[in-house]
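To start, the structure itself, in structure tokens.
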Amino acid sequence: MQPVPSAAQQPFDPPLGELIADYEQSLRADRHSMRTIDWYLAFLREFCSFAQRPSESASLRHLSTPIVRRWLVALESRPIPPAPSSLAGRVRTLRAFAAWVQREYDLEQHPLRRLKTPRVPRTIIHSLRDADVGALLAAARQGSLGDRDAALITFILDTGVRVSEVAGLRMGDVDFENAVCRVVGKGSKERRVPVGRRARRELRRYLAQRRRPPPDAPLFMAEHGEPLTRWGIQKIVRRVAQRAGLQTRCSPHILRHTFARAFLTNGGDVFSLQRILGHSPASLDITQRYVELLDEDLREVHRRASPMDQWRSG
């Protein structure tokens, strides 16, 4: 009869579900946003479900490069596979989780040290053209809540703030006198975003109907007085775009891209854009992608000013 290994001899192999639960508490303690935490947990639980078998639950030993690769192959084999950016996000999430496990339990090696993040093809970021923006703003006025919708869409187009940031704005965040707005972005980081004259005018027109709301009241309200959620804001933008008859995709994120293109086209610089959008200094490459939005504008300028096309011989 073989002797039973002592606790000291048994390999460290806790259930993966328990580690994920502990990781969630660590993320909360570090004050990550609930949206970020939910995003991480969804990917981790999805992997945990893939790794476990009917006869055994997934444990730390299943957090290995070969099993993660099989998971990625299975995801890509779905009838509708995740986008490359979504696959890369899953890998980054698992690597961050594995790094936390290594630090938390003093493991000798990172469990996923050999796992590489899949490449994400660079694509041109879509944005609205000037005619689409004009149609969108005109259509925003036509609804029963036209003043609110016009203020909301104008504000996003003028500031480039994320939809989650708009949903979190309060009355006291807008400083009309100094033409800035306090925005709480990713990682609970605050920044000051400039607000232009037209956007401030639309906000005042909308807020004139609100009868002096207190500073902690939501800036944008739903029809029955509850705060607008990011899902509600997305629905408003889609509804207004349909009313405007736009033949192209339109969402709050595309409005953010449209702001970036217009900001650069009108003479803004990449470093100022980086600060306004809330990108970290280490993510200049992400901000630089917005410069690619100008490609179509440059082609149009060249079409009008091509030296050889404008040249007249003799």
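Numbering (our numbering), first residue to last: 9 to 322. Beta carbons: idealized from backbone N, C-alpha and C, even for Gly. No experiment lies behind these values; they were computed from the predicted model shown.
Item	Value
What do you reckon, is the C-beta of Q60 under 8 Å from a heavy atom of the ligand GDP?	Looking at this structure, you won't find the ligand GDP or any other ligand, since it has none at all.
For a quick check, are the C-beta atoms of V203 and D166 less than 9 Å apart?	yes
Please go through the same chain and pick out, in chain order, the residues whose beta-carbon is closer than 7 Å to the beta-carbon of Q242, but skip the five residues on each side of it.	V171, S259, P260
DSSP three-state call for S94: helix, strand or coil?	helix
List the residues that DSSP assigns as beta-bridge partners of P202.	V188
What's the gap between the Cα of W218 and the Cα of H232?	The displayed chain sequence assigns Arg, not Trp, to residue 218. The alpha-carbon atoms of R218 and H232 are separated by roughly 12 Å.
What distance in whole Å lies between the Cβ atoms of M179 and L227, which are believed to be in contact at a cut-off of 8 Å?	6 Å
Does S253 pass the burial test, meaning 16 or more other C-beta atoms within 10 Å, or should it be called exposed?	Position check: residue 253 holds Gly in this sequence, whereas Ser was assumed. Burial call: exposed.
Check D114 in the structure and name its three-state DSSP category.	coil
Any chance you could list the alpha helix (DSSP H) runs of at least 4 consecutive residues sitting entirely within the stretch 240-293, in chain order?	260-273, 278-285
Which residue from P74, F51, P87, C189 puts its Cα closest to that of G168?	C189
Taking DSSP as the reference, what is the three-state secondary structure of E54?	helix
Do I262 and L160 have their C-beta atoms within less than 9 Å of each other?	no
Can you give me the C-alpha to C-alpha distance between H265 and H134, rounded to a whole angstrom?	7 Å
Which two residues bound the contiguous alpha helix (DSSP H) that contains I88?	Neither: I88 is in no alpha helix (DSSP H) and is coded neither H nor E.
As a quick exercise: from V109, Q255, D183, A147, pick the residue whose alpha carbon is nearest that of R21.	As written in the sequence, residue 21 is Asp, which differs from the Arg given in the question. Of the listed residues, the one whose Cα sits closest to D21 is V109.
Just confirm the distance between the C-beta atoms of F184 and R200, as a whole number of angstroms; I'd bet it's less than 8 Å.	No, F184 and R200 are not in contact; Cβ-Cβ is about 14 Å, not under 8 Å.
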